[in-house]
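Offset between the sequence shown (1-based) and this note's numbering: plus 16.
Single-structure report; data block below.
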Amino acid sequence: MAEPLLKVEGLTKHFPVLKGFLRRKVGTVQAVDDVSFTLNRHETLAVVGESGCGKTTAGRAILRLVEPDRGHVWFRGKDLPTLPAGELREMRRHMQIIFQDPYSSLNPR
């Protein structure tokens, strides 16, 4: 069987809730909690859900635009969290995320 194009295991990202003048941590928001899936070549994955349910955060964590708290992401067999910055930059050339408003991502020139 062919190697998966993208494999995500146990992806988790929580954000602290800070309050007061000293920005004291009073809780956490569980934006992405233990997400796992496999995407093979020539497959399409659509992530749908209510506003604020973690879709964009999951995409950003997969691309390492935000660092996940836990989990592993493999793209073309390479473990993204362990890649040096230069190699990660090269891998990102083969990835794309479409944000909530895709038209704002387009360059009008």
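Note that beta-carbon positions come from the ideal geometry of N, C-alpha and C, so glycine has one too.
Being a predicted model, the structure only gives us computed values, none of them experimental.
Assuming P97 and R76 form a contact by the criterion Cβ under 8 Å, report the distance between their Cβ atoms to the nearest whole angstrom. The pair is not a contact, with the Cβ atoms about 14 Å apart (cut-off 8 Å).
Buried or exposed: G65, going by 16 or more other Cβ atoms within 10 Å of its Cβ? exposed
The beta strand (DSSP E) enclosing A47, as first and last residue numbers: R40 to L55
Identify every run of the beta strand (DSSP E) within the segment 75–115, keeping only runs that are complete inside it and at least 3 residues long; order them along the chain. 86–91
With a 10 Å radius around its C-beta and 16 neighbouring C-beta atoms as the bar for buried, classify P84 as buried or exposed. buried
Anticipated Cβ contact below 8 Å, V24 with G87, distance rounded: 7 Å
Take every Cβ of the segment 24–38, pair it with every Cβ of the segment 46–57, and state whether three or more of those distances are shorter than 8 Å. yes
For E59, I'd like the list of residues in its chain whose CB is within less than 8 Å of its CB, leaving aside the five on either flank, ordered along the chain. L21
Sequence-distant residues of the same chain with beta carbon closer than 6 Å to E19, five excluded per side: G93
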